[in-house]
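K.L.:
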Amino acid sequence: MNLRSKIFRGSVTHQRSSPAQHAFTYPMTFFGFDLAELDLIARQTNLFGHNTRALISLKDSDYLRGETKPIEQQLEKFLPPLQTGERTLLVSSPRYFGYAFNPVNFYLRLHNAKLLSAVAEVNNTFGDRHIYPLIQLSEREEDTWTASCAKDFHVSPFNDLSGEYAFTLKVTEDTLHLGVDLHRKGGRVMRTWIQGSGHSISNRSIRSYALLHPFDTALNSMPRIIWQAAILKYRKHLKVYKRPSPESKNTLIDRDKPKKGSNL
0 MNLRSKIFRG SVTHQRSSPA QHAFTYPMTF FGFDLAELDL IARQTNLFGH NTRALISLKD
60 SDYLRGETKP IEQQLEKFLP PLQTGERTLL VSSPRYFGYA FNPVNFYLRL HNAKLLSAVA
120 EVNNTFGDRH IYPLIQLSER EEDTWTASCA KDFHVSPFND LSGEYAFTLK VTEDTLHLGV
180 DLHRKGGRVM RTWIQGSGHS ISNRSIRSYA LLHPFDTALN SMPRIIWQAA ILKYRKHLKV
240 YKRPSPESKN TLIDRDKPKK GSNL
């Protein structure tokens with residue numbers, strides 16, 4: 000059976016223009032998982048597991064509120080289905096050897112080739128998780144949609160909470176370009192995007208694009224973040240902002256509060 004899920008080989012880019020210029024690009028391997036196909040992928044390749052141990056694995060509890068129920072069910076609270084025939088593409092990096100850190104995941108709600116809505120799920124290095132539901136999308140050009148919203152979650156210690164995010168989501172059958180720009184006082188101060196070309200998921204493609212490039216996966220996200228933070232602090236001398244206590248209702252996990260259902 001042909002899968003709609005893909006393994007993507009591409010890159011991630013960050014560009015700062017204020018208060019100091021700084022930019023980097025890293026090669027990146029990531030996945031676009033059709034949420035209805037997770038168990039099917041696990042049956043078709045022994046290198047991937049869904050809620051089980053495997054070289055590469057995806058756990059439902061790694062997403063949204065951290066609950067064990069299926070991701071699709073968790074997501075319905077934030078993106079209720081609008082019409083029959085919809086599907087959800089989760090753009091993320093699975094666990095590699097049991098570990099992953101995803102600074103951002105995207106949930107793309109599609110009907111045929113049209114993007115209906117999306118959720119950007121942001122994880123910071125402090126252990127908090129926040130979502131930006133993107134319900135009002137504007138189709139800018141063929142296969143490209145845009146949305147905007149106020150920033151209300153602390154991500155980088157080198158940015159405060161001010162500003163507005165502008166999202167650009169370009170989605171085709173075999174390519175993805177997902178961009179997030181930060182604007183302040185009418186000007187763009189930072190651009191970030193991830194882009195890649197998709198390949199069928201199989202044991203062979205997992206070996207070729209993930210296992211043979213382990214440092215281009217979610218295994219290396221945290222070391223890359225730490226390295227870039229050191230440059231911004233010690234070489235660029237950017238101001239460091241302390242983590243404020245999350246106050247938004249869209250913050251799903253606050254490190255200072257136990258998860259729902261926790262006995263702690």
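Just so we're aligned: the sequence shown equals residues 0 to 263 in numbering that gives the first Met the number 0.
Cβ coordinates follow ideal geometry from the N, Cα and C atoms, glycine included.
1) Determine contact between the stretch 149-159 and the stretch 124-133, defined as no fewer than three beta-carbon pairs at a distance below 8 Å.
2) Between Arg190, His21, Ser4 and Asn123, which has its C-alpha nearest Leu88's C-alpha?
3) Take Phe166 as the anchor and find which of Lys76, Leu181 and Ser155 has the nearest alpha-carbon.
4) How would you call Asn262, buried or exposed, if buried means at least 16 neighbouring beta carbons within 10 angstroms?
5) Beta strand (DSSP E) containing Ser147: first to last residue?
6) Buried or exposed, going by whether 16 or more other CB atoms sit within 10 Å of the CB of Asn202?
7) My output table needs one value for Asn123: the three-state DSSP class, helix, strand or coil.
8) Near Ser60, which residues of its chain fall below 6 Å by C-beta distance, leaving aside the five closest residues on each side in sequence?
9) Cβ atoms of Ser56 and Pro102: under 8 Å apart, would you say?
10) Go ahead and label Val239 buried or exposed: buried means 16 or more other beta carbons lie within 10 angstroms of its beta carbon, across all protein chains shown.
11) Whole-angstrom Cβ separation of Arg70 and Leu81, contact assumed at under 8 Å?
12) Going by Cα to Cα distance, which pick from Arg206, Leu133 and Asp33 is closest to Leu46?
13) Using the beta-carbon count (16 or more within 10 Å), is Gly260 buried or exposed?
14) Pick from Phe214, Asn50 and Asp159: whose alpha carbon is nearest that of Leu37?
15) List the DSSP bridge partners of Lys169.
16) Name the DSSP bridge partner or partners of Phe32?
17) Need the endpoints of the alpha helix (DSSP H) that Ile205 sits in, please.
18) Would you tell me roughly how many angstroms separate the C-alpha atoms of Pro139 and Ile224, rounded to the nearest one?
19) Once the 5 residues before and after Leu136 are set aside, which same chain residues still bring their CB inside 8 Å of it?
P.N.:
Based on what the coordinates show:
1) yes
2) Ser4
3) Comparing Cα-Cα distances from Phe166 to each of Lys76, Leu181 and Ser155, the minimum goes to Leu181.
4) Its pLDDT being 39, under 50, Asn262 is placed unreliably in this model, and the value from its coordinates should be taken loosely. Burial call: exposed.
5) Its beta strand (DSSP E) spans residues Thr143 to Ala149.
6) exposed
7) coil
8) Closer than 6 Å at Cβ, skipping near neighbours: Thr67.
9) Not in contact: Pro102 and Ser56 (Cβ atoms no closer than 8 Å).
10) exposed
11) The question names Arg, but residue 70 is Ile in the sequence shown. 18 Å between Cβ atoms; not a contact.
12) Arg206
13) Low local confidence applies: a pLDDT of 47 at Gly260 is under 50, so the model's placement there is unreliable, and no value is given.
14) The residue among Phe214, Asn50 and Asp159 with its C-alpha nearest the C-alpha of Leu37 is Asn50.
15) DSSP lists Thr143 and His176 as partners of Lys169.
16) Leu89
17) Asn202 to Ile205
18) The sequence shown places Arg at residue 139, not Pro. Going by the C-alpha atoms only, they are around 32 Å apart.
19) Leu114, Leu115, Ser116, Ala117, Trp144, Thr145, Ala146 and Leu168
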